[in-house]
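For reference, the structure discussed in these notes is given below.
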Amino acid sequence: MNGKLESLAVNGGAPIRTTPLPGHDRLMGQDEIDALTEVIQSGQLGRHGGTKVKELERAFAERYGVKHAIAVSSGSAADHTAVAMIDPEPGDEIITTPCSDFGTILGILFQNAIPVFADLDPETLCLDPVSVEAKITPRTKAILVVHLFGGLADIDAIKAIGDRHGIPVIEDCAQAQLSEIDGRLAGTIGQIGCFSFNNTKHLNCGEGGMVVTNDDALARRARLFADKAWPRDEDERYSLFLGQNYRMNELEAAVALVGLRRLDENVSDRRRAIERIHEGIGGIDGITIPESMAGARSSYWILHLFVDDGIDPGAVAEALTAEGVPFGARYVTPLYTWPVLRDANTYGTSGFPFDSPYTDRAFDYAPGLCPVFERRRERLILISVDEQWTDEDADDIAAAIRKVMPHFLSGHTRRASM
Ligand SMILES: Cc1ncc(COP(=O)(O)O)c(C=O)c1O
Numbered sequence: 070m071n072g073k074l075e076s077l078a079v080n081g082g083a084p085i086r087t088t089p090l091p092g093h094d095r096l097m098g099q100d101e102i103d104a105l106t107e108v109i110q111s112g113q114l115g116r117h118g119g120t121k122v123k124e125l126e127r128a129f130a131e132r133y134g135v136k137h138a139i140a141v142s143s144g145s146a147a148d149h150t151a152v153a154m155i156d157p158e159p160g161d162e163i164i165t166t167p168c169s170d171f172g173t174i175l176g177i178l179f180q181n182a183i184p185v186f187a188d189l190d191p192e193t194l195c196l197d198p199v200s201v202e203a204k205i206t207p208r209t210k211a212i213l214v215v216h217l218f219g220g221l222a223d224i225d226a227i228k229a230i231g232d233r234h235g236i237p238v239i240e241d242c243a244q245a246q247l248s249e250i251d252g253r254l255a256g257t258i259g260q261i262g263c264f265s266f267n268n269t270k271h272l273n274c275g276e277g278g279m280v281v282t283n284d285d286a287l288a289r290r291a292r293l294f295a296d297k298a299w300p301r302d303e304d305e306r307y308s309l310f311l312g313q314n315y316r317m318n319e320l321e322a323a324v325a326l327v328g329l330r331r332l333d334e335n336v337s338d339r340r341r342a343i344e345r346i347h348e349g350i351g352g353i354d355g356i357t358i359p360e361s362m363a364g365a366r367s368s369y370w371i372l373h374l375f376v377d378d379g380i381d382p383g384a385v386a387e388a389l390t391a392e393g394v395p396f397g398a399r400y401v402t403p404l405y406t407w408p409v410l411r412d413a414n415t416y417g418t419s420g421f422p423f424d425s426p427y428t429d430r431a432f433d434y435a436p437g438l439c440p441v442f443e444r445r446r447e448r449l450i451l452i453s454v455d456e457q458w459t460d461e462d463a464d465d466i467a468a469a470i471r472k473v474m475p476h477f478l479s480g481h482t483r484r485a486s487m
């Protein structure tokens, strides 16, 4: 069988492509330069003196069909602001996913609450509603869902659980701009939606974020929290509660406004490329295209695939990368295994809020906590998607997968066969 296979680049054969896929450098142009020039010339770089942050908030709220959009300085700041909007007591619990950027978790810890990890759906790698419900206790103050890789979590089921228990749902859409389910946008289904505009995201202004909600009281609290809890509509200057300076500045907003105008096209370009890749790899042995939620349309921040049991995803990713198509394997290790949580490296040596008078139970952050996620990540390969991918780029990605996978089929070797 091996004699018939094309020699892999990882073993010295000719690679599928020698030029890098577009996407390492994000698309930026004259529109951004003009927008930045306008801000510089205005002499107002801060949100309170300028107009761009306010304009971005209005435009974002309009595109998402929500009442309030509050711009902040990062996706982590958005997630932290969302938790602060809920205002948990120290030791209260927030159910979330172990498969995300740590920015999802930061705000929980900084509000002295405790992340409780639920297990994941084996296809979407987003929270499994059954596991979420099993983790609810009288201390649960929120469910923080991540729409991973641009795909949708089972948000309707999770929202229904939240409603039944009186627990608000926060949607972390850092990876899921304009992702939708049955025509409704991710971020508008729970009580609060959070977005990131960091350099890797669909809408990119270097660093930035957004919080959306339809609730007036929550929105007011968000605005205050992200601005040192300074009620600027009052005559006297003071902080109403413990807040942060998470203000976005005018330069970031000016760039984000340009990105927002291109966002729909950006997402449809990603969808077109991924559809083409999916078509190109359909039916290939050894690899599966994950199922998505019924009615869901991903915005494809990342393309993820599962290799068959017994195939080493690291070796597949290495072989694809050598072909000029830079895949990674396994994504993040479960967040509960990271030293910050495993060793409770939080505030000095206190370990707060774990193991403190504010909670009466132990949190066992150890491997094995979320077995579905742990098992599935052993089959996961993934690649960052970019809106600049052409049909030819998509075809190269599919061709690389078609070339590489047969090498992993005979006896399911851990290394690519020569
Ligand atoms: C799901 C998710 N949440 C939160 C964040 C944090 O965003 P930021 O890097 O803008 O702080 C990220 C960043 O990658 C993310 O992917």
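Residue numbers 70 to 487, in the numbering used here, belong to the letters of the sequence shown in order. Glycine is no exception: its CB is placed at the ideal position from the N, C-alpha and C atoms. All figures in this text were calculated on a predicted structure; none of them were measured in a lab.
Residue i to residue j span [Cα, whole Å]
i, j, result
"E392", "I346", "16 Å"
"V409", "P91", "35 Å"
"V135", "V152", "19 Å"
"F375", "M474", "12 Å"
"R430", "P207", "12 Å"
"R444", "E249", "27 Å"
"T357", "D377", "7 Å"
"S145", "G312", "15 Å"
"P167", "S111", "44 Å"
"S265", "A104", "20 Å"
"G349", "G82", "22 Å"
"P403", "F423", "19 Å"
"N283", "P382", "42 Å"
"A468", "H93", "21 Å"
"N414", "A463", "43 Å"
"K270", "F396", "18 Å"
"E101", "D338", "20 Å"
"V185", "E344", "35 Å"
"C263", "D460", "32 Å"
"E319", "K123", "9 Å"
"G351", "R253", "28 Å"
"R132", "G364", "20 Å"
"N71", "A435", "Because the pLDDT at N71 is just 47, under 50, the model does not fix this residue reliably, and the value given afterwards should be weighed accordingly. The straight-line gap from Cα to Cα measures roughly 42 Å."
"K472", "H137", "49 Å"
"V454", "G437", "31 Å"
"I470", "L451", "12 Å"
Where the alpha helix (DSSP H) containing residue i begins and where it ends
i, result
"P440", "440-445"
"V324", "319-350"
"I261", "First-last for I261: 261-265, but that is the beta strand (DSSP E), not the alpha helix (DSSP H)."
"H476", "Careful: H476 lies outside any alpha helix (DSSP H) and carries neither H nor E."
"I390", "Sequence inspection shows Thr at residue 390; the Ile mentioned does not correspond to that position. Residues 382-391."
"E101", "99-111"
"H234", "224-234"
"T193", "From DSSP, T193 is part of no alpha helix (DSSP H); its letter is neither H nor E."
"I155", "144-155"
"I174", "172-179"
Closest by C-alpha distance to residue i, when choosing among the options
i, options, result
"I230", "L74, D197, A288, A386", "D197"
"D251", "Q244, G349, I224", "I224"
"L217", "V122, F186, C439, E192", "E192"
"D156", "T106, L293, H234", "L293"
"S142", "A291, L74, Y416", "A291"
"R316", "V324, A295, Y307", "A295"
"L326", "R340, R86, E107, E360", "E107"
"R331", "G98, S419, W299", "G98"
"L449", "V385, S308, L175", "V385"
"T506", "D412, H373, I466, F432", "Since the first and last residues shown for the chain are 70 and 487, residue 506 lies out of range."
"A147", "E75, R340, G278", "G278"
"F179", "A211, V336, H149, T418", "H149"
Cut-off 7 Å between Cβ atoms - residues of its own chain near residue i, not counting five sequence neighbours on either side
i, result
"P36", "Outside the shown range of the chain (70 to 487) lies residue 36, about which nothing can therefore be said."
"D354", "M474, L478"
"R446", "R399, Y400"
"T482", "At T482, the pLDDT of 49 sits below 50, so the modelled position is not reliable; the number obtained from the coordinates is stated separately. Counting only Cβ-Cβ distances below 7 Å, and skipping sequence neighbours, we find nothing."
Opening and closing residue of the beta strand (DSSP E) in which residue i lies
i, result
"I183", "183-186"
"I212", "209-215"
"I452", "449-453"
"D241", "238-241"
"F375", "371-376"
"G278", "278-282"
Cβ neighbours of residue i in the same chain (closer than 6 Å, five flanking residues each side left out)
i, result
"A187", "I164, L196, S200, V201, K204"
"G219", "Q244, A245, S248, S367, S368, Y369, W370"
"R95", "N273"
"N181", "P159, P422"
"W458", "A342"
"H234", "I205"
Beta-carbon contacts of residue i that lie in its chain and below 8 Å, excluding the five residues immediately before and after
i, result
"L189", "T166, P167, C168, C195, L196, D197, S200, C439, V441, F442, R445"
"V214", "T165, T166, C195, L196, A222, I224, I227, V238, I239, E240, D241, G259"
"N268", "R95, G275, E276"
"W407", "F171"
"A298", "S308, L309, F310, L311, G312"
Inset, instruction - Would you list the residues whose beta-carbon is nearer than 6 Å to any heavy atom of ligand 1, in the order they occur in the chain? - result: S143, G144, S145, D148, S169, D170, G172, T173, V215, D241, A243, Q244, S265, N267, G278
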